[in-house]
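Numbering (numbering that gives the first Met the number 0), first residue to last: 0 to 87. Note that beta-carbon positions come from the ideal geometry of N, C-alpha and C, so glycine has one too. Everything on this sheet refers to the single structure shown next.
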Amino acid sequence: MSMRVEEANGEAFGPTGALNADSYPNWLRFHIGINRYELYARNDPVVDALLKDLDSQKITSVAMKSGGTQLKLIMTFQNYGLALFKPM
Numbered sequence: 000m001s002m003r004v005e006e007a008n009g010e011a012f013g014p015t016g017a018l019n020a021d022s023y024p025n026w027l028r029f030h031i032g033i034n035r036y037e038l039y040a041r042n043d044p045v046v047d048a049l050l051k052d053l054d055s056q057k058i059t060s061v062a063m064k065s066g067g068t069q070l071k072l073i074m075t076f077q078n079y080g081l082a083l084f085k086p087m
């Protein structure tokens with residue numbers, strides 16, 4: 000099965016209709032960059048952008064994750080990103 004790339008106005012669009020990964024939210028770009036050798040590269044600019052988002056995005060909902068003996072909260076942000084918060 001071959002993947003067809005359509006061109007419109009001289010720009011190539013992938014099968015999802017997105018121009019490229021730069022249009023994804025930072026939490027998704029960070030997640031896509033995770034590989035079997037490292038969680039993130041030391042010089043990856045997505046990490047700084049993700050930390051800025053964590054600082055500035057509003058939390059829209061919080062839910063307690065079940066199981067275990069320690070408190071774990073799942074936070075949902077306004078850009079639909081999720082974060083697991085585990086106080087120590």
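- Message: Determine whether the beta carbon atoms of residue 64 and residue 58 lie at a separation below 7 Å.
- Response: Sequence index remark: in the sequence shown, residue 64 carries index 65 (1-based). Sequence index remark: in the sequence shown, residue 58 carries index 59 (1-based). Not closer than 7 Å, so no.
- Query: If you drop the 5 nearest sequence neighbours on each side, which residues of the same chain put their C-beta closer than 6 Å to that of residue 19?
  - Reply: Within the sequence shown, numbered from 1, the residue matching residue 19 stands at position 20. Counting only Cβ-Cβ distances below 6 Å, and skipping sequence neighbours, we find nothing.
- Message: Judging by CA-CA distance, which residue of 22, 87 and 75 is the nearest neighbour of residue 53?
- Response: As a working note, residue 53 is residue 54 in the sequence shown. When only C-alpha atoms are compared, the closest one is 75.
- Query: How would you call residue 45, buried or exposed, if buried means at least 16 neighbouring beta carbons within 10 angstroms?
  - Reply: As a first step, residue 45 is located in the sequence shown; it is residue number 46 there, counting from the start. Result: buried.
- Message: Taking the beta carbon of residue 34 as the centre, do at least 16 other beta carbons fall within 10 Å, making it buried, or is it exposed?
- Response: As a first step, residue 34 is located in the sequence shown; it is residue number 35 there, counting from the start. By the 10 Å Cβ count, residue 34 comes out exposed.
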